[in-house]
Amino acid sequence: MTLRSRSMFWRIFRQLLRASRGRLTVALIALSSGAAVSSALLNINLDAEQKLTHEFRTLGANVVVAPPSSGSDAALADAAIMDRIVGPSATQIVAAAPYLYVAANAGTQPVILAGTWFDQVAKMNSWWNVDGSWVTSRDDRSHCLVGQAAARQFGLAPGSQIDLRAGERNVSLTVSGIITAGGAEDSQIFTSLDVAQNLAGLPGRVSLVQLSVSGTPSEIEAFTGHLAGTLPGLEVRPVRQLAAAEGSILARISGLIFWTIMLILVLTTLGVLASMAALAMERSRDVGLMKALGGPVERIMHLFLAEAAALGIVGGTIGFTIGVMLARWIGGRVFGVAISPRLAVFPVTIALAVAVALTGALPLRLLGRVRPAEILRGE
Amino acid sequence: MAPLVQVENLEKRFDAIRALYHVSFEIEAGEWIAIMGPSGSGKTTLINILGGLDHPTSGRVVVDDMEIGQLSERELTRYRSDKIGFVFQQFHLVPYLTALENVMLAQYFHSITDESEAAEALRRVGLEDRLEHLPAQLSGGEQQRVAIARALINHPKLILADEPTGNLDEDNEATILNLLHELHSAGHTILVVTHSQAIGNLADRRIELEHGRLARISLPVR
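Heads up: the protein sequence lines correspond to chains Y and C, in order. With my numbering applied, the first sequence corresponds to residues 1 to 379, in that order. With my numbering applied, the second sequence corresponds to residues 1001 to 1222, in that order.
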């Protein structure tokens, strides 16, 4: 039976793997470990953007729609814009809260009244600390939320009554909760939009609309542009600090993951190098012999490179599988939600593992330089 | 007809050490030559140069019309697989390949593999029931017979045997010498490096080296 060279190649290849299974197993463990962590981090990196932008949406509005800031009448928009905002682009909007700010008095002291939709404010600012309880209904005309500085100023606590007056109009409300937001909100009193509009005598008017929009910074930018096109005469602008912070955090996380993967790959390469160096010592005599028998260097090296590539493919596959489980576990611990495995990570993991294996096989590649006469003499 | 091997003023240096110098001789096709001499006399260096494992420092070595000193590494590799059959004292089989695969390895490096031809080569050396055995499962004599089958498989012009019985007991030595005798009778050209006067006396001629120089070329004492 005549065998083609390729068949003999694979025959030698199989025997080579069988003969060196101890050392190769060590290299495979190193490769699988490196591939597992790399695969987990890549999965996390791809999912982190989505997970983090979701998290960011609980940190308040990231887009504001407001009339141009020139002239007092122009500073108020028609509340009907809410229909136009949440209509066509509703899928990207997590929450939308209109605000009407009214300069009112509580007793003799002035206070800023913010009329809004309580349900949307709660959704947008879930991180606010509330002593007492949220007002959950947007139509609740008898309750209010009071910022902690204002509550201290007026001596209010949950359940207290407060009388508010603007010009000739007044309203009496029950304090449902005291909020701590860490910003200007701490000095304000939040009522339903209707109450503020009636008190100010500005029915159907709002000062601005705050939006919480999901997506990456670039997606939010695109959304803003699109919305501005549908709302002529109004300013639609992203909250720059928040968008910049999101972009910066995402970039830093990606950078951290990239360099961690690089470090892991370097360490994995060193592990594979150590195994391959020992293997090269063991095989130097065989390579010398093969060269003495007339074996072309490239044909001998193809055996070792095929071996390294096979190691990379197997190590990458094992690593990817473990990496998916690792990513799920890490996702659960960090984000409270399992990371979804990305198939795109599989070929990347395999490519990285093969690259590491081929780099780690450097000592075997150097065997091509052995001089058969010296090896056969036992030098 | 030109001799199969022509060596003229061969010199080989390893740094300051002259391993061979002023060595000249010729070998006709079909001859059995014994290369003899004490340890360090340059026998193995000579056979390595003839086998294309080493370059001469100066002088001319021509085997089958190919001047070895002029060959590139790639051409030397081709030369070894086409023209030379090696038999080493230490057998030098690949430990993880079976007897059959060790013979097929030489075919693989030469051209294409033919399993039945490799099995026939092993049958000729009396190892038809050892085809699938690994070297570690074979005796020293059996391993050397595998090496001889491997050396013959590509029909080389020249068989170079470096102390082929050096690691064998008397029985196995006799077997290997019988095999070499058969090869010689079949027209193969054989160079055997040996310390043994008995083996030297089996050859057609003896090339004797001393301190890297050609001491004499003699006929065997029968």
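Glycine residues also receive a C-beta, built at the ideal position from the N, C-alpha and C atoms.
| query | result |
| --- | --- |
| DSSP state of V195 of chain Y mapped onto helix, strand, coil | helix |
| Euclidean distance between Cα positions of G182 of chain Y and A122 of chain Y | 16 Å |
| Same chain, Cβ closer than 7 Å to S284 of chain Y, five either side skipped, listed in chain order | L367, V370 and I375 |
| Assigned exposure category for D78 of chain Y - 16 Cβ within 10 Å defines buried | exposed |
| Same chain, Cβ closer than 7 Å to V272 of chain Y, neighbours up to 5 away in sequence not counted | A27, A30, L31, V356, A357 and G360 |
| Strand pairing of P110 of chain Y, partner residues [DSSP] | Y:N105 |
| Pairwise C-alpha distance: V135 of chain Y and A184 of chain Y | 19 Å |
| For A74 of chain Y, three-class secondary structure by DSSP | The predicted model places A74 of chain Y with a pLDDT of 49, which falls under 50 and marks its position as unreliable; any figure quoted below should be read in that light. Here A74 of chain Y sits in coil by DSSP. |
| The beta strand (DSSP E) enclosing L1053 of chain C, as first and last residue numbers | First-last for L1053 of chain C: undefined, no H or E at that position. |
| Contacts around T191 of chain Y, its chain only, beta-carbon distance under 7 Å, and the 5 residues preceding and following it disregarded | L113, G115, C144 and L173 |
| Coil, strand or helix - Y1108 of chain C by DSSP | helix |
| Test: F9 of chain Y CB closer than 9 Å to a CB of chain C | yes |
| Pairwise C-alpha distance: L362 of chain Y and L270 of chain Y | 11 Å |
| Min CB distance M290 of chain Y to chain C below 9 Å | yes |
| Span of the beta strand (DSSP E) around K1157 of chain C | That residue, K1157 of chain C, is in no beta strand (DSSP E); it is neither H nor E in DSSP. |
| Residue burial classification, S1058 of chain C (beta-carbon count within 10 angstroms, cutoff 16) | exposed |
| Same chain, Cβ closer than 8 Å to D139 of chain Y, neighbours up to 5 away in sequence not counted | S192 and D194 |
| Interface residues of chain C facing A19 of chain Y [CB-CB closer than 8 Å] | P1095 and Y1096 |
| Length of the line joining the Cα atoms of P1095 of chain C and I1159 of chain C | 22 Å |
| Within-9 Å CB hit, M1104 of chain C to chain Y | yes |
| Three-state class that DSSP yields for P183 of chain Y in the structure shown | Checking the sequence shown, residue 183 of chain Y turns out to be Gly, not Pro. Reduced to three states, the DSSP call for G183 of chain Y is coil. |
| Uninterrupted alpha helix (DSSP H) stretches inside the stretch 108-169 of chain Y (no shorter than 4 residues) | 118-124 and 148-154 |
| Contacts that S1081 of chain C makes with chain Y (C-beta to C-beta distance below 8 Å) | L293, G294 and G295 |
| Boundaries (first-last residue) of the beta strand (DSSP E) holding A361 of chain Y | Note, A361 of chain Y: premise wrong, no beta strand (DSSP E); not H, not E. |
| Contact belief for V314 of chain Y with S39 of chain Y at Cβ below 8 Å, rounded distance in angstroms | No, V314 of chain Y and S39 of chain Y are not in contact; Cβ-Cβ is about 14 Å, not under 8 Å. |
| Three-state secondary structure (DSSP) of V324 of chain Y | helix |
| Three-state secondary structure (DSSP) of M1001 of chain C | coil |
| Stretch-stretch touch, CB-based, cutoff 8 Å, three pairs: the stretch 1050-1057 of chain C with the stretch 248-262 of chain Y | no |
| Distance CB(L1100 of chain C)-CB(L1131 of chain C) smaller than 9 Å | yes |
| C-beta neighbour in chain Y for T1189 of chain C, strict 9 Å | no |
| Short CB-CB distance (under 9 Å) between T1113 of chain C and chain Y | yes |
| Which residues DSSP lists as bridging R1206 of chain C, in chain order | C:A1034 and C:S1218 |
| C-beta neighbour in chain C for Q50 of chain Y, strict 9 Å | no |
| Extent of the continuous alpha helix (DSSP H) to which Y1096 of chain C belongs | Premise fails: Y1096 of chain C is in no alpha helix (DSSP H) and is neither H nor E. |
| DSSP-derived helix/strand/coil call for H1022 of chain C | strand |
| Given A151 of chain Y as reference, the closest of Y:Q109, Y:N170 and Y:N125 once Cα atoms are compared | Y:Q109 |
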